[in-house]
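Working notes, beginning with the structure itself.
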Amino acid sequence: MKRLFPLVLGTILTIGLIGCNEKEAVNESAIGEDTHADDHSHDELPFEWAGSYELVAGTYSLEFKQNEFGDETMLLTFIKEDSNIKDLEHHAAHIMDTGGELFHEGDYFAAESEYAYNLSLNVKGSTSYTFTIQEAGTYRIFTEHHADEFEMEITNENSDVIIAKSVQEYEGHDHEHGH
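So for the sequence shown, our numbering puts the first residue at 169; every next one is plus one.
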């Protein structure tokens with residue numbers, strides 16, 4: 169019996185190691201442009217635009233100077249770029265899929281990394297918000313609509329305009345207005 173135990177244990181380990189070493193068959197036709205390693209996809213991205221902003225701790229104004237297509241809301245998220253997130257776009261899609269907390273013009277919010285904000289917009293004219301940054305850094309801001317459609321502008325406490333860097337426009341987001 170004592171001689172049989174090592175033989176049985178060795179056989180079980182060998183089967184386990186062989187089973188773990190086999191490659192899983194991948195259905196190549198199921199792999200799409202928006203398929204990710206965690207085995208799911210985003211058929212439609214919840215954002216059309218992203219830009220990186222260098223923000224110090226402090227208070228900022230976020231202004232949408234116009235509303236070209238009469239959109240009622242703008243969903244956006246801030247993601248701190250020096251975090252350990254490797255795929256910012258994928259992460260932003262998950263964050264924005266939550267819908268975010270609804271804010272109305274004039275509301276103040278503390279902009280936190282990896283959190284969605286759903287900002288109400290005046291369907292005609294400009295809309296302004298005030299937000300704070302607690303932790304300085306480079307933040308990638310993803311917006312539901314193209315920022316240019318709204319002449320979106322972020323200014324600091326001295327009214328200096330903060331310029332977006334590494335601007336990226338995305339396709340695939342569909343909504344009511346045609347552009």
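Every residue, glycine too, gets a C-beta built ideally from N, C-alpha and C.
On a predicted model such as this, the values are computed, not experimentally measured, just so you know.
Can you find the residues in the same chain that come closer than 6 Å, C-beta to C-beta, to Ala278, ignoring five residues on each side of it along the sequence?
Against the sequence shown, residue 278 aligns to sequence position 110. Closer than 6 Å at Cβ, skipping near neighbours: Thr300.
On the three-state DSSP scale, how would you describe Ala260?
To locate residue 260, count along the sequence shown from 1; it is residue 92. Helix, per DSSP.
Cα-Cα separation between Leu256 and Glu249, rounded to whole angstroms:
The count along the sequence shown starts at 1 and reaches residue 256 at position 88. The count along the sequence shown starts at 1 and reaches residue 249 at position 81. Rounded to the nearest angstrom, the two C-alpha atoms are 8 Å apart.
Between Ser296 and the rest of its own chain, which residues show a CB-CB distance below 8 Å, the 5 nearest in sequence each way excluded?
The residue given as residue 296 occupies position 128 in the sequence shown. Ser229, Leu230, Glu231, Phe232, Glu273, Gly274, listed in sequence order.
Three-state secondary structure assigned by DSSP to Phe277:
By one-based count along the sequence shown, residue 277 stands at place 109. It is a strand residue.
Exposed or buried, Glu317, counting other C-beta atoms within 10 Å across all chains shown (16 or more means buried)?
Position 149 of the sequence shown holds residue 317. Buried, because 16 or more other Cβ atoms sit within 10 Å of the Cβ of Glu317.
Using a Cβ-Cβ cut-off of 7 Å (strictly less than) and excluding sequence neighbours within five positions of Gly267, which residues of its own chain qualify?
Against the sequence shown, residue 267 aligns to sequence position 99. Closer than 7 Å at Cβ, skipping near neighbours: Ala284, Asn286.
Excluding the five sequence neighbours on either side, which residues of its own chain have a C-beta within less than 8 Å of the C-beta of Ala261, listed in chain order?
Counting from 1 along the sequence shown, the entry for residue 261 is found at position 93. These residues qualify, in order along the chain: His210, Leu213, Pro214, Phe215.
Sorted by chain position, which residues of the same chain lie with C-beta nearer than 6 Å to Glu222's C-beta, five sequence neighbours on each side aside?
The residue labelled residue 222 in the question sits at position 54 within the sequence shown. Result list for Glu222: Thr306, in chain order.
One question on the structure: do Gly219 and Lys292 come within less than 8 Å of each other, judged by their Cβ atoms?
The count along the sequence shown starts at 1 and reaches residue 219 at position 51. The count along the sequence shown starts at 1 and reaches residue 292 at position 124. Their beta carbons are not under 8 Å apart, which means Gly219 does not touch Lys292 by this criterion.
Continuous beta strand (DSSP E) stretch holding Gln234: start and end:
Working through the sequence shown from its first residue, we reach residue 234 at position 66. From DSSP, Gln234 is part of no beta strand (DSSP E); its letter is neither H nor E.
Please classify Ala304: is it buried, with 16 or more other beta-carbons within 10 angstroms of its beta-carbon, or exposed?
The residue labelled residue 304 in the question sits at position 136 within the sequence shown. Label assigned to Ala304: exposed.
Can you name, in chain order, every residue of its own chain whose Cβ lies under 7 Å from the Cβ of Ser294, other than the five neighbours on each side?
To locate residue 294, count along the sequence shown from 1; it is residue 126. Closer than 7 Å at the Cβ level, and outside the excluded window around Ser294, lie Glu231, Phe232, Lys233, Gln234.
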